[in-house]
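Please read the structure below before turning to the comments.
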Amino acid sequence: MSEKLIDLESALKLEKKEAIQYYRDHVNPAFARLLGLLNFDKQYVRASGTKVWDSEGNQYLDFLGGYGALNLGHNPPAVLAALAKVQELPNLLQASMGTMNAVAAYNLSQLTPGDLTHTFFCNSGAEAVEGAIKLARIASGKSKIIYCFASFHGKTMGSLSVTGRTKYQEPFQPLIPGNNMVPFGELDVLEKIFKDQDIAAFIVEPIQGEGGILLPPEGYLQGVRELCDQHQVYLILDEIQTGFGRTGTMFACEESGVVPDIMCLAKALGGGVMPIGAYISNKEIWQKAYGSMDKALLHTSTFGGNTLATAVAIAAMNEMVAQDVSKMAREKGDYFIGKLAKLAAENEMIKQVRGKGLLIGIEFNQPDSNIFDKISGGMLSKLSYQYTGSLVAGTLLNQHQIISAYTLNNPNVIRLEPPLTVSYQEIDQMLNALHIIFSENKGLFNMAISGAKSVLGGLFNK
Ligand SMILES: Cc1ncc(COP(=O)(O)O)c(C=O)c1O
244 MSEKLIDLES
254 ALKLEKKEAI
264 QYYRDHVNPA
274 FARLLGLLNF
284 DKQYVRASGT
294 KVWDSEGNQY
304 LDFLGGYGAL
314 NLGHNPPAVL
324 AALAKVQELP
334 NLLQASMGTM
344 NAVAAYNLSQ
354 LTPGDLTHTF
364 FCNSGAEAVE
374 GAIKLARIAS
384 GKSKIIYCFA
394 SFHGKTMGSL
404 SVTGRTKYQE
414 PFQPLIPGNN
424 MVPFGELDVL
434 EKIFKDQDIA
444 AFIVEPIQGE
454 GGILLPPEGY
464 LQGVRELCDQ
474 HQVYLILDEI
484 QTGFGRTGTM
494 FACEESGVVP
504 DIMCLAKALG
514 GGVMPIGAYI
524 SNKEIWQKAY
534 GSMDKALLHT
544 STFGGNTLAT
554 AVAIAAMNEM
564 VAQDVSKMAR
574 EKGDYFIGKL
584 AKLAAENEMI
594 KQVRGKGLLI
604 GIEFNQPDSN
614 IFDKISGGML
624 SKLSYQYTGS
634 LVAGTLLNQH
644 QIISAYTLNN
654 PNVIRLEPPL
664 TVSYQEIDQM
674 LNALHIIFSE
684 NKGLFNMAIS
694 GAKSVLGGLF
704 NK
């Protein structure tokens, strides 16, 4: 049997074509097809900081940043060194109190605002949301969770049940019952719903990432905090994407001085190297939920808090503080957003630029229908203008060697979410590419003419 297996050395040497074939045959054929149509099917073989290289020797700039997991860039040396330092410790020994687990939890209690003290480590963002929902339910003795339209909290059943996008929820109905959706940013609707129902928690992102980088109105989070206190509803803040400096403060909620009852974290906590998620709450909630010996193990995970992941989290947190990534995001974000706003003012294809720190979205206007009729070979009737985001991302990649992507809940927005360590020169490179694409209006349409037929055909014949 074993002679049929590919060993690691051979895997590392696989040609692009073969690697794609294995992916097609054994992972996700439809995604492989989509990436192929968009000319996104590169074989990336090396990465460092903001830079990535493919097997043909081309160099790219990564402005997707691992969906916000790469705050320190690809393969940060300090984080990789942590892995080497704990190689001889037991990685998995669940019937024990892991030292790295304990220290990572202590560090989180120091980094997060207010009275958040007790952490459970898991392996992803969605799992952190699962755990937070369970914690709110068991501690409150209530069951309903309120969440927002266009929110994104993950794709496992529990987190999907509070993710406000029909496309993702619909195929998996019935989801966890009793949850309700409210518009993001509207306190009066929240107040009404809080009056009517028996609610365990309200879960919200301080800035909606996958919703299209949507910032709430001034004072929203403070208002949410007050309403939650008034109605004894726990506030769960999902800082999975906004956390660890991304928006210019260590956590986005610091900007408004709001402390949640439970905070969900993941992504950059793993230094871009290890999968790790976490939820943290205050002592009172923790005691209510899991404070007795018979309840201590009600929520567990085999890999949760393992030595490698938590050692990496310790190193990542220290590195993010040492490098002052929040300041980096604030200063570079101000520069970047300022220049993008200027570009938007000069170009009608851009509807809006919005964001905070280095969590930035560009939303597009509906393109000129004549041009799209021409490039789509008469497919305009089928064409949703929503896919401008993927055309722009395709142009950025294939003409300018810059990696980006649209936001999951709003494909008409591309997200710019580079490592917080990105240089000004790299930001200028991105600005220059966008300038060529939009101001000259040529780049996008050249790309569209050469690629749109297959791209759009692929998208709409799915
Ligand atoms: C705000 C937010 N919450 C939760 C998640 C889910 O995290 P994961 O993909 O690690 O499950 C994401 C992922 O994009 C996110 O942006």
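To convert a position in the sequence shown, counted from 1, into this note's numbering, add 243. Cβ coordinates follow ideal geometry from the N, Cα and C atoms, glycine included. Model, not experiment: these values are computed from the prediction.
Nearest-angstrom Cα separation, counted from residue j out to residue i
i, j, result
"alanine 740", "threonine 362", "The chain is shown from 244 up to 705; residue 740 falls before or after that span and cannot be answered."
"asparagine 608", "histidine 269", "38 Å"
"glycine 581", "glutamine 451", "20 Å"
"alanine 327", "alanine 556", "14 Å"
"valine 405", "glutamate 299", "42 Å"
"proline 503", "histidine 474", "15 Å"
"glycine 515", "valine 288", "16 Å"
"lysine 599", "isoleucine 456", "9 Å"
"leucine 602", "proline 333", "37 Å"
"valine 596", "asparagine 590", "11 Å"
"valine 329", "asparagine 344", "12 Å"
"leucine 508", "alanine 375", "10 Å"
"glutamate 413", "aspartate 472", "32 Å"
"lysine 625", "leucine 651", "Annotation note: pLDDT 43 at lysine 625 (below 50); position unreliable, no value reported."
"threonine 492", "glutamate 252", "42 Å"
"lysine 594", "valine 656", "10 Å"
"tyrosine 630", "glycine 637", "11 Å"
"glycine 309", "alanine 290", "12 Å"
"aspartate 537", "glutamine 440", "30 Å"
"leucine 335", "glycine 454", "37 Å"
"serine 627", "aspartate 297", "Bear in mind that a pLDDT of 48 at serine 627, under 50, signals an unreliable position, so the number given afterwards is only what the model happens to contain. Approximately 32 Å between the Cα atoms of the pair."
Beta-carbon proximity of residue i to residue j, cut-off 8 Å
i, j, result
"lysine 510", "alanine 312", "yes"
"isoleucine 188", "alanine 443", "A query on residue 188 cannot be resolved here, the shown segment of the chain reaching from 244 to 705 and no further."
"leucine 659", "phenylalanine 395", "no"
"valine 295", "histidine 317", "yes"
"glutamine 302", "lysine 259", "no"
"phenylalanine 579", "isoleucine 680", "no"
"glycine 407", "cysteine 391", "yes"
"alanine 371", "isoleucine 483", "yes"
"leucine 663", "alanine 572", "yes"
"methionine 517", "alanine 552", "yes"
"glutamate 373", "serine 402", "yes"
"isoleucine 505", "leucine 512", "no"
One or two residues paired with residue i in a DSSP bridge
i, result
"asparagine 525", "Leu359"
"lysine 294", "Ser291, Leu304"
"histidine 643", "Histidine 643 pairs with nothing; no bridge assigned."
"lysine 599", "Leu602"
"tyrosine 649", "Ile657"
"glutamine 451", "Leu457"
"alanine 444", "Ile388, Tyr477"
Task: contact_flag[the region 485-495, the region 517-537] where n(CB pairs < 8 Å) is 3 or more - done: no
- [ ] Check whether the region 581-597 touches the region 547-558, counting contact only when three or more Cβ pairs, one atom from each stretch, lie closer than 8 Å.
- [x] no
Open item on the list: Just to confirm the assignment: which complete alpha helix (DSSP H) runs, minimum length 4, are found wholly within the region 339-411?
Closed with: 342-354, 368-383, 400-403
TODO: Could you tell me whether the region 492-512 touches the region 458-476, where touching means 3 or more Cβ pairs closer than 8 Å?
DONE: yes
Task: Complete runs of the beta strand (DSSP E) confined to the region 456-535 [at least 3 residues] - done: 477-481, 505-508, 520-525
TODO: Would you be able to state if there are at least three C-beta pairs under 8 Å between the region 537-544 and the region 363-383?
DONE: yes
Open item on the list: If contact is defined by three or more beta carbon pairs under 8 Å, each pair taking one atom from either stretch, is the region 348-356 in contact with the region 416-436?
Closed with: no
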